[in-house]
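Visitor: In our numbering, the protein residues as written are 715 to 1149. Idealized CB from N, CA, C, for every residue including glycine. Note that the structure is a prediction, hence the values are computed from the model and not measured.
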Amino acid sequence: MAQKEVQQELSVDQYTLGLVGPDQEWAGTVADGGTIRTHTPPACWGPMITPEFRGGHEVTRPIRVENAEVGDAIALKIRDIEVTSVATSTGSMAEREGAFGDDPFVDHRCPECGTEWPESVVEGTGEESVKCAECGANASSFGFEYGYTVAFDDDRTVGLTVGEEGADDLANRADEAMALPENSRQHPILLYKPSEMPGTLGHLRPFIGNVGTTPPVELPDSHNAGDFGQFLIGAEHDWGLESEEELAERTDGHMDINAVREGAVLVCPVKVDGGGVYVGDMHANQGDGELSLHTTDVSGRAELDVEVIEDLDIDGPLLLPNEEDLPHIATPHTDEERERGEQLAAEYDVDGVDDLGPLQVIGSGATINDATENAFDRAGKLLDMTEGEVRARCTFTGGVEIGRLPGVVQLSMLAPMDRLEERGLDHLVREQYGL
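#1: Could you tell me whether the Cβ atoms of R768 and V800 are closer together than 8 Å?
#2: Between the C-alpha atoms of L1125 and D987, what's the straight-line distance to the nearest angstrom?
#3: Which stretch, first to last residue, makes up the beta strand (DSSP E) that contains C982?
#4: For L951, which residues in the same chain have their Cβ closer than 8 Å to its Cβ, ignoring the five residues on either side in sequence?
#5: Using the beta-carbon count (16 or more within 10 Å), is R887 buried or exposed?
#6: With a Cβ-Cβ cutoff of 8 Å, do V1104 and F1090 count as a contact?
#7: Report the residue from R1118, W759, Y1147 whose alpha carbon sits nearest the alpha carbon of R899.
#8: Any idea what DSSP makes of S957, helix, strand or coil?
#9: Is L1058 buried or exposed, if buried means 16 or more other CB atoms sit within 10 Å of its CB?
#10: In whole angstroms, give me the CA-to-CA distance for V844 and S725.
#11: Let me make sure I understand the geometry here. Which of L1134, G913, G1055, R1118 has the alpha-carbon closest to that of D970?
#12: Does the distance from the C-beta atom of I1028 to that of A789 stay below 8 Å?
#13: Between which residues of its own chain and D746 is the CB-CB distance below 8 Å, once the five residues before and five after are set aside?
#14: Assuming I939 and S834 are in contact, meaning their beta carbons sit under 8 Å apart, how far apart are those beta carbons, in whole angstroms?
#15: Suppose only complete runs of 3+ residues qualify. What are the beta strand (DSSP E) ranges in the region 816-857, listed by chain order?
#16: Check whether the region 1002-1019 touches the region 943-950, counting contact only when three or more Cβ pairs, one atom from each stretch, lie closer than 8 Å.
#17: Name the DSSP bridge partner or partners of G1003?
#18: Look at the Cβ atom of A973, then the Cβ atom of L1033, and state whether they are nearer than 8 Å.
#19: Do I1152 and E976 have their C-beta atoms within less than 8 Å of each other?
#20: Taking the continuous beta strand (DSSP E) assigned at D995, which residues delimit it?
#21: To test your reading of the DSSP string, which unbroken beta strand (DSSP E) runs of 3 or more residues are found completely within the region 1028-1066?
#22: Determine the closest residue to N999 out of I777, V1075, L918, with distance taken between C-alpha atoms.
#23: Nearest to F942 by CA position, among T927, P920, D966, is which residue?
#24: Taking all protein chains shown into account, do 16 or more other C-beta atoms lie within 10 angstroms of the C-beta of L904, making it buried, or fewer, making it exposed?
#25: Are the Cβ atoms of P776 and Y992 separated by less than 8 Å?
#26: For the beta strand (DSSP E) containing E796, list its first residue and its last residue.
#27: Along the alpha helix (DSSP H) that carries N1083, what are the first and last residues, could you check?
The following block contains the structure:
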């Protein structure tokens, strides 16, 4: 990947074919302190039904950040998110037997002629519409076990599930309704026109489901996490891994945490020189856990400011969400609360009230318990704490939230500001929460 001219503002409109890693072509180089702008296509369902893809998402090519070296971290400050799709389809998935080898997200093959990652064409609409260009068979690896189509209002504040007539209309103008960017290579999921549970109104609040930095090994983009990554261990395709230790090279970009939205700050590990920031998998909304494993995938624009944090040496992401997205007991203390704390300190002969700030440590693993243990390990290393102290602080001043089942979590605590200062994070926390 060649070095590019450093730009203060970098717009990216080129995407990978489902992979992240050091083999991907750079999109360009942004200045430390600069701004990245993207217009990304939907992830999940579109790439899932497009058999040319090697992973389940369509994310940007990696972006080099000036001055970012292995062992540093990159703070991504999400300044703006805008949904450009007017509708989408989603639901829980059904795998199509014979259309893949080890993994329906990765090693696609035509169930009739056996062509691997076959080129495909669209004929008509519905779940039979994605055809192998070689033999004409249905080449998609997925259908819906239960599916629905959602239309959005003009302001993207609510979405309504539609019936058969509305879903058919949207299927017949699927590219336009999904607002696929010019360089996108996926088939739009609106083609499938599912129409179950019509008349259900949902609140929209967009966020980015797969955003982070490039791992030092090539991975399917949807598997850059400790839970989905389990499917790579022992797999016989080109991106198979031998062990959990190899999976530890991941950067956990695929989080599906709905708090990674406008106003949040995400701090990502640098595991290749330049960082290799990538963005994709925007969702119009999602409940905690992403219980269907998929949600409202959309095209959308994002604007992120970047800042290199030297020598932070983290293994996975840290999140500073909007204050309203924090658990109540993990929010910053008010002046009145601190005053009462000082009164208690005087009464009980305590030296003083510690200066604390909110922090979320992201963990991932095969299960929620494994992901929580991973977050304990990461938090302990970051803040020089025993697991006992991490558990205690998270119980008293935070908690654990489920990003995605089966195994992505946010471990929240009010962390000592002196520890954050030692790691070069205190300025981000103070700025984010007005401390």
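Guide: Let me spell this out:
#1: As a first step, residue 768 must be located in the sequence shown, where it is residue number 54. As a first step, residue 800 must be located in the sequence shown, where it is residue number 86. Contact check for R768 against V800 fails: the beta carbons are separated by 8 Å or more.
#2: Against the sequence shown, residue 1125 aligns to sequence position 411. Against the sequence shown, residue 987 aligns to sequence position 273. Taking the straight line from one Cα to the other gives about 28 Å.
#3: Counting from 1 along the sequence shown, the entry for residue 982 is found at position 268. Start and end: 979-983.
#4: Here residue 951 corresponds to residue number 237 of the sequence shown, with the count starting at 1. With the sequence shown as reference, residue 951 is identified as His, and Leu is not the correct amino acid for it. Taken in chain order, the residues that qualify are G815, D816, D817, V820, D821.
#5: What you label residue 887 is simply residue 173 of the sequence shown in a count that begins at 1. R887 is exposed by the Cβ-count criterion.
#6: Along the sequence shown, one-based indexing puts residue 1104 at 390. Along the sequence shown, one-based indexing puts residue 1090 at 376. For V1104 and F1090, yes; Cβs fall inside 8 Å.
#7: Position 185 of the sequence shown, counting from 1, holds the residue named residue 899. For the residues R1118, W759, Y1147, the minimum Cα distance to R899 belongs to W759.
#8: Along the sequence shown, one-based indexing puts residue 957 at 243. Here S957 sits in coil by DSSP.
#9: For the purposes of this step, residue 1058 is taken as residue 344 along the sequence shown, with counting starting at 1. Classification for L1058: exposed.
#10: On the sequence shown, residue 844 is found 130 positions in, with the first residue counted as 1. On the sequence shown, residue 725 is found 11 positions in, with the first residue counted as 1. Distance between the alpha carbons of V844 and S725: 31 Å.
#11: The residue given as residue 970 occupies position 256 in the sequence shown. Closest option to D970, Cα to Cα, is R1118.
#12: If you number the sequence shown from 1, residue 1028 lands on position 314. If you number the sequence shown from 1, residue 789 lands on position 75. No, the Cβ-Cβ distance between I1028 and A789 is not below 8 Å.
#13: Translated into positions along the sequence shown, residue 746 becomes position 32. V779, E780, N781, A782, V1020, E1021, V1022.
#14: For the purposes of this step, residue 939 is identified with residue 225 of the sequence shown, where counting begins at 1. For the purposes of this step, residue 834 is identified with residue 120 of the sequence shown, where counting begins at 1. Note on residue identity: the sequence assigns Ala, not Ile, to residue 939. 27 Å between Cβ atoms; not a contact.
#15: 834-836, 844-846
#16: Segments in contact, no.
#17: Counted from its first residue, the sequence shown places residue 1003 at position 289. Per DSSP, R1118.
#18: Here the question's residue 973 lines up with position 259 in the sequence shown. Here the question's residue 1033 lines up with position 319 in the sequence shown. Closer than 8 Å, so yes.
#19: Absent from the model: residue 1152. The displayed extent of the chain is 715 to 1149, so no value can be given.
#20: Translated into the one-based positions of the sequence shown, residue 995 becomes position 281. It spans 989-997 - the beta strand (DSSP E) in which D995 sits, taken as one unbroken run.
#21: 1032-1034
#22: If you number the sequence shown from 1, residue 999 lands on position 285. With distances taken between Cα atoms, N999 lies closest to L918.
#23: The residue you call residue 942 lines up with position 228 of the sequence shown. The candidate whose alpha carbon is nearest that of F942 is D966.
#24: For this step, residue 904 is matched to residue 190 along the sequence shown. By the 10 Å Cβ count, L904 comes out buried.
#25: Walking along the sequence shown from the start, residue 776 turns up at place 62. Walking along the sequence shown from the start, residue 992 turns up at place 278. It is a contact, given that the beta carbons lie within the stated cut-off.
#26: One-based indexing of the sequence shown puts residue 796 at position 82. Boundaries of the beta strand (DSSP E) around E796: 787-797.
#27: Numbered from 1 along the sequence shown, position 369 holds the residue referred to as residue 1083. It spans 1082-1097 - the alpha helix (DSSP H) in which N1083 sits, taken as one unbroken run.
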